[in-house]
Amino acid sequence: MAAGHSPLSQFEIKRWVPIEIGDYDISFTNSSTFMVLTVLTISLFLILSMRRKALVPGRWQSMAELSYMFVANLLKDTVGNEGRPYFPFVFTVFMFVLIGNLLGMIPYSFAFTSHIVVTFVMALVVFIGVTIIAIVKHKLHFFTLFMPPGVPIAMAPLLVPIEIISYLSRPISLSVRLFANMLAGHTLLKVFAGFVISLGLFGVFPLAFVVALTGLEIVIAFLQAYVFTILTCLYLNDALHLH
Amino acid sequence: MPEERPHQDLEQLDDRLAKARENAGISAPEKQQKNTHPGSALGLAMRVGVELVSALAIGVFIGWGLDTLFGTGPWLLLVFILLGGGAGILNVYRMASGFGYTAGYQKDQDVGDDKSGEQSPETED
Numbered sequence: 001m002a003a004g005h006s007p008l009s010q011f012e013i014k015r016w017v018p019i020e021i022g023d024y025d026i027s028f029t030n031s032s033t034f035m036v037l038t039v040l041t042i043s044l045f046l047i048l049s050m051r052r053k054a055l056v057p058g059r060w061q062s063m064a065e066l067s068y069m070f071v072a073n074l075l076k077d078t079v080g081n082e083g084r085p086y087f088p089f090v091f092t093v094f095m096f097v098l099i100g101n102l103l104g105m106i107p108y109s110f111a112f113t114s115h116i117v118v119t120f121v122m123a124l125v126v127f128i129g130v131t132i133i134a135i136v137k138h139k140l141h142f143f144t145l146f147m148p149p150g151v152p153i154a155m156a157p158l159l160v161p162i163e164i165i166s167y168l169s170r171p172i173s174l175s176v177r178l179f180a181n182m183l184a185g186h187t188l189l190k191v192f193a194g195f196v197i198s199l200g201l202f203g204v205f206p207l208a209f210v211v212a213l214t215g216l217e218i219v220i221a222f223l224q225a226y227v228f229t230i231l232t233c234l235y236l237n238d239a240l241h242l243h
Numbered sequence: 244m245p246e247e248r249p250h251q252d253l254e255q256l257d258d259r260l261a262k263a264r265e266n267a268g269i270s271a272p273e274k275q276q277k278n279t280h281p282g283s284a285l286g287l288a289m290r291v292g293v294e295l296v297s298a299l300a301i302g303v304f305i306g307w308g309l310d311t312l313f314g315t316g317p318w319l320l321l322v323f324i325l326l327g328g329g330a331g332i333l334n335v336y337r338m339a340s341g342f343g344y345t346a347g348y349q350k351d352q353d354v355g356d357d358k359s360g361e362q363s364p365e366t367e368d
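Protein chains in written order, with this note's numbering: chain A, 1 to 243; chain B, 244 to 368.
Written as structure tokens, this is what we have:
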């Protein structure tokens with residue numbers, strides 16, 4: 001198999017416009033291109049579909065309203081009405097992950113959510129933001145999170161580090177879930193697509209499988225955007241309603 | 244039937260009122276059981292793995308960082324590997340038994356759903 005056709009070559013970062021400031025490489029890569037494309041797609045979708053603001057929504061308008069209502073209900077179910085000020089952020093996260101995943105499904109495109117750097121930074125933003133909200137809202141009371149009430153004081157030296165580690169592991173489990181799903185899915189697609197040619201006539205079987213897998217991948221694109229969003233909501237809920 | 248119609252309308256109105264109240268945040272929404280997503284067995288297995296490993300990774304990272312900071316041989320690393328493993332098991336235990344994602348022991352309203360553990364704003368401090 002040639003080097004360019006490895007199932008993993010699709011994840012390669014290519015510097016399209018090399019920029020270097022000092023020692024930092026801030027080149028405009030294919031990854032950044034697709035992030036910009038994602039933001040453009042979301043903006044165009046929302047602005048154009050809501051332009052008419054019809055009372056009886058058309059197809060595009062109802063899609064935009066559907067995504068709005070979906071996130072709004074998700075936020076209300078998990079956080080309650082205190083979560084309303086954070087709706088813009090949660091909606092942005094949802095749309096960015098979702099459209100990023102979906103754009104990645106287009107052949108020859110690049111799925112930036114399959115890079116741990118991207119998902120980890122997003123998870124870190126959520127994690128740090130939520131922690132700041134909790135500290136601002138509850139002041140020092142926030143730290144009782146690590147020492148649950150009703151625990152004997154002798155257990156504290158063991159329990160507090162464990163709770164802190166458990167708390168710190170949140171952004172990792174949040175980001176790894178999205179990243180691993182996208183990476184595995186795209187690699188699997190490429191591997192099975194490679195069988196289509198090499199098996200000759202029997203290639204129809206892997207081809208059928210690839211078609212089915214593409215459908216599954218689109219489901220996963222939605223599902224992972226949903227999971228990322230609902231976990232963001234849950235962390236927000238923990239921060240707002242500290243027990 | 245002219246006599247049944249107003250009654251039906253009233254019943255519908257009740258539903259719609261409840262819904263509108265819920266949406267406006269006047270009355271609390273009822274809890275609904277969802278979170279049965281496709282491929283949940285594999286998803287659950289994956290989540291258990293990720294929860295275990297991520298806590299362990301944080302433990303290793305903290306232990307290693309403190310060791311290089313204080314120059315205390317491998318000892319802090321060893322301690323934090325154990326703590327990280329404990330935190331991982333705690334994560335999985337919480338996830339599986341519906342404690343939700345909170346640090347601290349807070350029992351969820353609905354036990355045993357695999358993803359979100361829909362939490363109500365409990366207040367008991």
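The beta carbon of each residue, even a glycine, is placed where N, CA and C say it ideally should be. All figures in this text were calculated on a predicted structure; none of them were measured in a lab.
Beta-bridge partners of Glu20 of chain A (DSSP): A:Asp25. Arg15 of chain A sits in a strand when the DSSP states are folded into three classes. Per the coordinates, the alpha-carbon of Gly286 of chain B lies some 42 Å from the alpha-carbon of Ile21 of chain A. Annotation for Gly314 of chain B: no alpha helix (DSSP H) segment contains it, and DSSP assigns it neither H nor E.
Within chain A, not a single residue places a beta-carbon under 8 Å from that of Ser340 of chain B; the smallest gap is close to 14 Å. Assignment of His141 of chain A by DSSP, reduced to helix, strand and coil, places it in the helix class. The segment 111-118 of chain A and the segment 127-140 of chain A do not touch, with fewer than three beta-carbon pairs separated by less than 8 Å. DSSP, reduced to helix, strand and coil, places Arg51 of chain A outside both helices and strands of the structure shown, so it counts as coil.
For a Cβ distance threshold of 7 Å, nothing in chain A lies close to Glu254 of chain B: the least Cβ distance comes to about 24 Å.
Around Leu333 of chain B, the beta-carbon contacts reaching into chain A at under 7 Å are Ile162 and Ser166. The distance from the Cβ of Ala156 of chain A to that of Met147 of chain A is about 6 Å, consistent with a contact at the 8 Å cut-off. Close to chain B, meaning a Cβ-Cβ distance shorter than 9 Å, is no residue of the segment 110-126 of chain A at all.
Of the other Cβ atoms in all chains shown, fewer than 16 fall within 10 Å of the Cβ of Asp23 of chain A; this residue is therefore exposed.
Closer than 9 Å at the C-beta level to chain B, one finds no residue of the segment 19-36 of chain A.
Taking C-beta atoms as the reference points, Val126 of chain A and Ala225 of chain A fail to come closer than 8 Å.
Exclusion of the five residues before and after Val151 of chain A leaves Leu159 as the residues of its chain whose Cβ lies within less than 8 Å of its Cβ.
One thing to note: Met63 of chain A has its Cβ no nearer than 8 Å to the Cβ of Ile218 of chain A.
Cβ proximity to chain A below 9 Å picks out Val322, Phe323, Leu326, Gly327, Gly329, Ala330 and Gly331 from the segment 306-331 of chain B. Under a 10 Å Cβ-count criterion, Gly185 of chain A is classified as buried, with 16 or more other Cβ atoms of the shown protein chains found around its own Cβ. For Leu320 of chain B and Phe120 of chain A, the gap between their C-alpha atoms comes out near 24 Å. If you draw a straight line from the Cα of Arg59 of chain A to the Cα of Lys53 of chain A, it is about 12 Å long. At least 8 Å separates the CB of Val291 of chain B from every CB of chain A. A straight line joining the alpha-carbon of Arg170 of chain A with that of Ile135 of chain A spans about 17 Å. Contact holds between the segment 172-186 of chain A and the segment 297-314 of chain B, because three or more Cβ pairs, one in each stretch, are under 8 Å apart.
Ala193 of chain A places its beta carbon 8 Å or farther from that of Val211 of chain A. At least 8 Å separates the CB of Val210 of chain A from every CB of chain B. Unbroken alpha helix (DSSP H) stretches of 4 residues or longer found wholly inside the segment 108-182 of chain A: 116-138 and 156-168, given in chain order. Note on Val117 of chain A: under 16 other CB atoms within 10 angstroms of its CB, so exposed under the neighbour-count rule. From the beta-carbon of Ala300 of chain B, the residues of chain A found nearer than 7 Å are Ile172. It is roughly 7 Å from the alpha-carbon of Phe87 of chain A to the alpha-carbon of Leu75 of chain A. Apart from the 5 residues on each side of it in sequence, Tyr235 of chain A sits with its Cβ closer than 6 Å to the Cβ of Val130 in its chain, given in chain order. Setting aside the 5 residues that flank it on each side, Thr41 of chain A is surrounded in the same chain by Ile99, each with a C-beta closer than 6 Å to its C-beta; the list follows chain order. Setting aside the 5 residues that flank it on each side, Leu242 of chain A is surrounded in the same chain by His138, each with a C-beta closer than 6 Å to its C-beta; the list follows chain order. One thing to note: Thr187 of chain A has its Cβ within 8 Å of the Cβ of Leu8 of chain A.
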